[in-house]
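Some notes on the structure that comes next.
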Amino acid sequence: EAGVTQFPSHSVIEKGQTVTLRCDPISGHDNLYWYRRVMGKEIKFLLHFVKESKQDESGMPNNRFLAERTGGTYSTLKVQPAELEDSGVYFCASSQDLWAGNTIYFGEGSWLTVV
Amino acid sequence: KNQVEQSPQSLIILEGKNCTLQCNYTVSPFSNLRWYKQDTGRGPVSLTIMTFSENTKSNGRYTATLDADTKQSSLHITASQLSDSASYICVVSGSYSGNTPLVFGKGTRLSVIA
C-alpha cells in the first residue's frame, strides 16, 4: 500500500514568487491534514480536510496560504506570494477516520526555502 | 495555552543501553497521546497511540506510559540499536473529535553510538 506522498520534496523560490505543494493521501483516507515546521520550532497544525471540505483551517497563518482538495482526493497548498518566514518543512498527513485510536500517517514532507 | 514539553532536548547513549524520554502536556481537552519517530529528513512515523483510559502501550522495544492525572507520558526504549537514532516526538490531540488538531512537542534528539 502506498503511503502519503508529497511533491516536490524540495523547492527553492525567491521572495514574492508562488509555490504549490501537492499531497496524495493514502487511498481511501477521507481525512487529510497539512502541518508545517519552521526552523527551530515544533510542527504546527495548518488545516484539516474531510473529503473535499475544510473541517478546520484555524492554523493557516494568513491569506497568502490557500489549500484545496477538489474531488476529495489529492490536495494542494499554494503560497502566494511567498515570504522569507514561510521557509520550512510542510507535512501532509492522512487518516481513515477521526477515531481517537486511529493512526495518522505522515508524508516525507516538502522542504521549502524562500530566498 | 496548549503545550507539549519534552525532555531531555537531546540524549546520547551507548548501543544496547535503555533510555527513557519524558513528555509533559497542558493540552485540554485531551483525547489521545502519540509518540512518533522521525529520522533526519523524513516524515514522522507512528510508534504508539494511547487514549485516556490506557496507561501503557508497547510496540516492540518501545514502551509508552501515560498518566492522564499528572499529564505526563514517557517513552522507554529497551536494548537500543544504532537505528534508533532519531527524533522522538510526543504529540497530543486536543480535541474531543480525537484526531485534530494535534499539538506537537519539539522532540528529543536521540543518538545511539557504538
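Residue numbers (the numbering used here), protein chains in the order written: chain A, 1 to 115; chain B, 1 to 114.
Even for Gly, the Cβ is constructed at its ideal location relative to N, Cα and C.
These figures come from a predicted structure and were not determined experimentally.
Sequence-distant residues of the same chain with beta carbon closer than 7 Å to residue i, five excluded per side
| i | result |
| --- | --- |
| leucine 112 (chain A) | Ser11, Val19, Asp86, Ser87, Gly88, Tyr90 |
| glutamine 81 (chain B) | Glu15, Val112 |
| glutamate 14 (chain A) | Val115 |
| serine 73 (chain B) | Cys23, Leu33, Ala64, Thr65, Leu66, Cys90 |
| proline 8 (chain B) | Thr108 |
| serine 9 (chain A) | Glu108, Ser110, Trp111 |
Residue i and residue j closer than 7 Å at C-beta
| i | j | result |
| --- | --- | --- |
| threonine 57 (chain B) | alanine 64 (chain B) | Sequence inspection shows lysine at residue 57 (chain B); the threonine mentioned does not correspond to that position. Against a cut-off of 7 Å, the Cβ pair of alanine 64 (chain B) and lysine 57 (chain B) comes out as a contact. |
| glutamine 17 (chain A) | serine 110 (chain A) | no |
| valine 114 (chain A) | leucine 84 (chain A) | yes |
| leucine 47 (chain A) | methionine 60 (chain A) | yes |
| glycine 101 (chain A) | threonine 51 (chain B) | yes |
| proline 29 (chain B) | glutamine 38 (chain B) | no |
Other residues of its chain near residue i: CB distance less than 6 Å, five sequence neighbours each side excluded
| i | result |
| --- | --- |
| glutamine 3 (chain B) | Thr26 |
| leucine 102 (chain B) | Val91, Ser93 |
| asparagine 59 (chain B) | Leu47, Thr48 |
| serine 111 (chain B) | Ile12, Ser85 |
| glutamate 5 (chain B) | Asn24 |
| arginine 37 (chain A) | Ile43, Gly88, Val89 |
| tyrosine 33 (chain A) | His48, Ala93 |
Sheet register partners of residue i (DSSP bridge)
| i | result |
| --- | --- |
| arginine 61 (chain B) | Arginine 61 (chain B) pairs with nothing; no bridge assigned. |
| tyrosine 90 (chain A) | A:Arg36, A:Ser110 |
| lysine 44 (chain A) | A:Arg36 |
| phenylalanine 49 (chain A) | A:Leu32, A:Lys54 |
| glutamate 5 (chain B) | B:Asn24 |
| lysine 78 (chain A) | A:Thr20, A:Leu66 |
| asparagine 32 (chain B) | B:Thr51, B:Ser93 |
| alanine 86 (chain B) | B:Leu110 |
| lysine 37 (chain B) | B:Val45, B:Tyr88 |
Spatial neighbours of residue i in its chain, beta-carbon cut-off 8 Å, leaving aside the 5 residues before and after
| i | result |
| --- | --- |
| glycine 116 (chain A) | The structure shown has nothing for residue 116 (chain A), since chain A only spans 1 to 115. |
| cysteine 19 (chain B) | Leu11, Ile13, His76, Ile77, Ser80, Leu110 |
| arginine 64 (chain A) | Val79, Gln80, Pro81, Ala82, Glu83, Asp86 |
Residue i: contacting residues in chain D (beta-carbon distance under 9 Å)
| i | result |
| --- | --- |
| histidine 10 (chain A) | Note that chain D does not occur in the displayed structure, where the protein chains are A and B. |
Pair every Cβ in the stretch 22-32 of chain B with every Cβ in the stretch 87-97 of chain B, then say whether three or more of these pairs are closer than 8 Å. yes
For the stretch 95-108 of chain A against the stretch 12-31 of chain A, are there 3 or more C-beta pairs whose distance is under 8 Å? yes
Any C-beta of chain B within less than 7 Å: which residues of the stretch 83-97 of chain A qualify? Phe91, Ser95
Does the pairing of the stretch 43-59 of chain A with the stretch 68-84 of chain A give three or more beta-carbon distances under 8 Å? yes
Can you list, in chain order, the residues of the stretch 43-71 of chain A whose Cβ is nearer than 8 Å to any Cβ on chain B? Ile43, Lys44, Phe45, His48, Gln55, Asp56, Ser58, Gly59
Closer than 9 Å between beta carbons: that is the criterion. Which residues of the stretch 33-52 of chain B meet it against chain A? Arg34, Tyr36, Gln38, Gly41, Arg42, Gly43, Pro44, Val45, Ser46, Ile49, Met50, Thr51, Phe52
According to a CB-to-CB cut-off of less than 9 Å, which residues of the stretch 98-112 of chain A neighbour chain B? Leu98, Trp99, Ala100, Gly101, Asn102, Thr103, Ile104, Tyr105, Phe106, Gly107, Glu108, Gly109, Trp111
Give me the subset of the stretch 54-88 of chain B whose CB atoms are less than 8 Å from a CB atom of chain A, sorted by chain position. none
Return the residues of the stretch 103-114 of chain B that lie within a Cβ-Cβ distance of less than 7 Å from chain A, sorted by chain order. Phe104, Gly105, Lys106
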